Amino acid sequence: MSAAEETKTPAAAPPEPSALLQRVIARLGTLVAEHQSFRGEDCIHVAREHILDVARALRDSPELGFDLLLDVTCVDYFGQPDGFQNAPETWDRNHHLVRKRAEWRHRVNLPARGDAPRFAVVYHLVSTRLLHRLRVKCRVPEDQPAIASLSALWAGANWLERETFDLYGIRFDGHPDLRRIYLYDEFVGHPLRKDYAKHDEQPLEPYAGPGAQEPRRPH
Amino acid sequence: MPDLEPKNPAVPTDAPTADPARDLQTPLMRMQMGPSHPATHGTVKMVLDLDGERVVKADIQVGYLHRGFEKECETGYYYQNIPYTDRLNYSSPMLNNVGYCLAVEKLMDLRTPPRCDFIRVIAGEISRMSDHYLCLGAMALELAAMTPFLYLLEARELMCDLLDALCGARVTTNYIRIGGVSADLPEGFDRFAAERLDRSLGLLGDADKLLTQNPVFRERVEGTGHLAPETLIAHGVTGPLLRAGGVPYDVRRVQPYLVYGELDFDVPVGEHSDNFDRYLVRLEELRQSRRMIAQCFAKIPAGPVNSDDPRVRWPRKGKVFGRMEELIDQFKLVTEGGLVPPGEVYHAVEGANGELGFYIVSDGTGKPYKCRCRAPSFSNMSALEKMITGGMLADVVPTFDLINMIGGECDR
C-alpha cells in the first residue's frame, strides 16, 4: 500500500468557501491569495508583504474579531510544494540514508523544488467573542527568510516569534527583542529546519559566565 | 540588557521633595531568581531589576528543559510519539495524550466508539484534577503554608492511584491510543474512583478552609499579579488565568470535543483578574471536574473501546501468530505506522493550564512532517513580565505559582 494511492489533496475540499471564509474574503478582497478548508478548518494564504495589513484587518474588523493569537510557527517545505505531490518515497529513502550514517546527510537526494518558497510561517487565530478559528499562512523564501513582526498588534507574538526565529531562523522585522529563546546564543544553525540532522553535534563553547576569568582551582 | 548605572527613573532626581526618603538615590539591583529557586517550581530564570523591593524590570528566560519535542516527533511514527506527549505537561499527562490523538484522528477522519470518548473524558478530568491539586499545593507551600500542601499532595496521590488503576503508571501514562485507549476501564473502577474522588475533595475542603479565609494568605494573593483581560488576550493567555479575568473562554464549552457537549458543567469566571481569583477559579474547576466524572460514569455505554479502522487497529495477538493476514497487518503497522493522509490540522483541547493545541502536518507517510504543540504554559509565561513589573518582589512567587508554568510543556 503506497501513500500515493491514498493521496487526496486539500484542493479536493468543497469549492464553495465556508461562511467564515466568505466573510474574510469580503473584508480582505484580493489580499487573500488562496484559501482552503480541510476537515472543517479554514486557512488563507497571503503574501508576506501584506501580513501586517491582513493581521490588523482580521483583528480590528468587528465581524471577524480575531483577538487572540494562539500560535506562530513555521513549516519547512524543504524541496516540497505545499500539497506534497512530490513522491514521499524520496523522503523515506533519504530518512533511511541519514539514519544509517548521519554524516551522509549531504548526499541526500532532494526532490525537485516546486515554485513555492521554502518556508511557510503559520499563524493560528481565534476570536474569544465570535468563537471561530482561522489559519493564516505566508510563504517565505529561503534566501531572504524575513517577515514583518506582529508583536505590535499582539504582545504574545513577541515570544512566539522569538521561538520561530530560534528554531527556524525566520527573521521578524520590527521585532523589539529578537534573540534566541530556547537555545544558547552560540548555537550554530536552526534545529527544526529539515536540513539540520537530528544527531548533528554542536561545537563546544567555553564557559563565559560569571567567574570564568578567575583562575581554576587545582584538582 | 539595560545599563545598571543610571539612577532609578521612578525616583525623580531634580526637584527636592519634602520627603527625605524619596531623595535617597539607590542604583537598581539586578537579582537572578532561578533557574532553580526554592520558592519556584519549574526551571525558569527571572532576571529582575529591583528598586528596593519593587520590581522595575523583568526578563524571563525559559528554555532550560528544551529537549526537541518537535524534532523528535518528526522522526517517529505517529503511534510512537504518544509517550513523548506524556512528558509535555507531566502533571496532567492524559490531557496531552488526548490532544495529540484527537489531532491525528482528525487528520485521518476517524471516529472513535462512544465508550472510548467517555473513558477519555474521565481520564482527562482526573488528570486535570491532579494538575490543579499540584498547582494549588505547590503554591501553598511556596507561600509557606505547609499543611495545605500536604493535604493537596495527598489528594494528588489519590488521583495518581486512579491513573495507576487505569493504565499501570502514575505519571507517564501512555494510555490513549490513536483510535482508542490501551485498555478498557478495570472492573469496579467507578466505585473505586468515586471513593478516591470524594476523599480528595474532602482534602480539598480542608485546604480550602485553611487558605481561603486566611488573612495572611489573602494578603499575599489579593490584588497581586493583576493584568487587565485585554492584555491577557493580547498575550495569548488562556485557561484559568483568562477565566479569572472574566473571559469565559473554555474550549470544552466553546468548541466541544469528545462528549463535553452532553455534559452539564459550569465554567467558573473571576472578575478581578488577580491571583486570588485564579486560585478560586482553580478551586471551582476541581469541583466541576468531579461533577463531569460522575455524569460520565452514569452515562457511559457498553461496547468496544477501540476503533475498527484498519489503519489503526492492532490485530489480535493470538491471530498474529497463527494467520498470515494478521501477521502482515501487524508487520505493516509496526514498520510503516498507520498511513495518515496528507494535509494539516490544528486541534485544540482544554488543557489544565489553557488551550493545548496540536498542529500536525502530514505528507502521507507514517511519520508526521511537522508536529507542533501549542503549549499553554508558554503563552501564559509571556505575560508574567507584565504581571510582576511594578509589584513587590514577594508577589513574584504567588503570581508565578498560579501561572503554573510546567517546564516540560513550556520548553518542549
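Taken in sequence, the protein lines are chains A and B.
According to our numbering, the first sequence is numbered sequentially starting from 1.
According to our numbering, the second sequence is numbered sequentially starting from 220.
Quick reminder that beta carbons are idealized off the backbone N, C-alpha and C, glycines included.
Please read all numbers here as calculations on a predicted model, not as lab measurements.
Tell me, please, whether the CB atom of residue i is closer than 8 Å to any CB atom in chain B?
i, result
"P62 of chain A", "no"
"E205 of chain A", "no"
"D223 of chain A", "Residue 223 of chain A lies beyond the stretch modelled for chain A, which goes from 1 to 219, so this question has no answer here."
"L183 of chain A", "yes"
"V188 of chain A", "no"
"R135 of chain A", "yes"
"P117 of chain A", "no"
"T128 of chain A", "yes"
"H50 of chain A", "no"
"L178 of chain A", "no"
"L68 of chain A", "yes"
"P191 of chain A", "yes"
"V121 of chain A", "no"
"L131 of chain A", "yes"
"P81 of chain A", "A caution first: P81 of chain A carries a pLDDT of 46, below 50, which makes its placement in the model too unreliable to give a value."
"V75 of chain A", "yes"
Using CA coordinates, which residue listed in the options is at the minimum distance from residue i?
i, options, result
"G399 of chain B", "B:P333, B:A413, B:P560 and B:P587", "B:P333"
"L446 of chain B", "B:E293, B:F495, B:N393 and B:L423", "B:F495"
"E205 of chain A", "A:R193, A:Y184 and A:A197", "A:Y184"
"K536 of chain B", "B:L353, B:D527 and B:L546", "B:L546"
"T391 of chain B", "B:E324, B:R306 and B:D469", "B:R306"
"G421 of chain B", "B:E373, B:F408 and B:E406", "B:E373"
"R129 of chain A", "A:S61, A:N158, A:D195 and A:R162", "A:S61"
"E441 of chain B", "B:Q474, B:R497 and B:P405", "B:R497"
"G522 of chain B", "B:A571, B:F540, B:R347 and B:D336", "B:D336"
"I44 of chain A", "A:E63, A:D67 and A:L20", "A:L20"
"R719 of chain B", "B:R591, B:T443, B:G464 and B:R509", "As shown, chain B starts at 220 and ends at 631. That puts residue 719 of chain B outside it, with no answer to give."
"G65 of chain A", "A:R27, A:A208 and A:P191", "A:R27"
"T262 of chain B", "B:Q251, B:G271 and B:D270", "B:Q251"
"V46 of chain A", "A:N158, A:D143, A:Q202 and A:A116", "A:A116"
"D67 of chain A", "B:V456, B:R591, B:D485 and B:V281", "B:V456"
"A148 of chain A", "A:R180, A:F172 and A:E142", "A:F172"
"P405 of chain B", "B:F516, B:A363 and B:C629", "B:F516"
"E569 of chain B", "B:L482, B:R472 and B:S526", "B:R472"
"E376 of chain B", "B:G407, B:L416 and B:E344", "B:L416"
"M511 of chain B", "B:G489, B:P534 and B:V478", "B:V478"
"L321 of chain B", "B:V466, B:L381 and B:I395", "B:I395"
"F540 of chain B", "B:F550, B:V531 and B:R532", "B:F550"
By the 10 Å Cβ neighbour count, where 16 or more other Cβ atoms means buried, how is residue i classified, buried or exposed?
i, result
"I338 of chain B", "buried"
"D620 of chain B", "buried"
"A102 of chain A", "Residue placement at A102 of chain A is flagged as unreliable, the pLDDT there being 49, under the threshold of 50; a coordinate-derived value is accordingly withheld."
"L167 of chain A", "buried"
"D82 of chain A", "At D82 of chain A the pLDDT is 47, less than 50, meaning the model places this residue with poor confidence; the figure from the coordinates comes in the next sentence. Burial call: buried."
"D71 of chain A", "buried"
"S310 of chain B", "buried"
"E563 of chain B", "buried"
"L131 of chain A", "exposed"
"Y207 of chain A", "exposed"
"T304 of chain B", "buried"
"P617 of chain B", "buried"
"A613 of chain B", "exposed"
"P246 of chain B", "exposed"
"D222 of chain B", "Any answer about D222 of chain B is weak, because its pLDDT of 49 lies below 50 and its placement is not dependable; what the coordinates show is given next. Exposed."
Is there a Cβ of chain A sitting closer than 8 Å to that of residue i, yes or no?
i, result
"R591 of chain B", "yes"
"G489 of chain B", "no"
"S526 of chain B", "no"
"D222 of chain B", "Because D222 of chain B sits at a pLDDT of 49, beneath the cut-off of 50, its placement in the model cannot be relied upon, and the following sentence gives the value as read from the coordinates. D222 of chain B does not count as touching chain A."
"A453 of chain B", "yes"
"H285 of chain B", "yes"
"G282 of chain B", "yes"
"D328 of chain B", "yes"
"T262 of chain B", "no"
"D630 of chain B", "yes"
"Y319 of chain B", "no"
"F597 of chain B", "yes"
"Y297 of chain B", "no"
What residues in the region 464-481 of chain B have a beta carbon less than 8 Å from any beta carbon of chain A? V466, Y468, V473 and Q474
Which residues, taken in chain order from the region 143-176 of chain A, show a beta carbon closer than 9 Å to some beta carbon of chain B? L153, W154, A155, G156, A157, N158, W159, L160, E163, D166 and L167
Note down, in chain order, all residues in the region 29-54 of chain A with a beta-carbon under 9 Å from any beta-carbon belonging to chain B. F38, R39, G40, E41 and C43
Residues from the region 495-514 of chain B in contact with chain A, defined by Cβ distance under 9 Å: none
Residues of the region 573-592 of chain B whose Cβ lies closer than 9 Å to any Cβ of chain A, in chain order: E574, G576, Y578, V580, S581, D582, G583, T584, G585, K586, Y588, K589 and R591
Considering only residues of the region 262-344 of chain B, which uninterrupted beta strand (DSSP E) runs meet the minimum length of 3 residues and lie entirely inside it, listed in chain order? 264-270 and 273-280
Counting only runs that start and end within the region 153-207 of chain A, where is the beta strand (DSSP E) found for 3 or more residues in a row? 171-173
Ranges of the alpha helix (DSSP H) found wholly within the region 461-500 of chain B, counting only runs of at least 4: 470-473
Output the residue ranges of the beta strand (DSSP E) runs that lie fully inside the region 536-604 of chain B and measure 3 residues or longer, sorted by chain position. 562-569, 574-581 and 587-593
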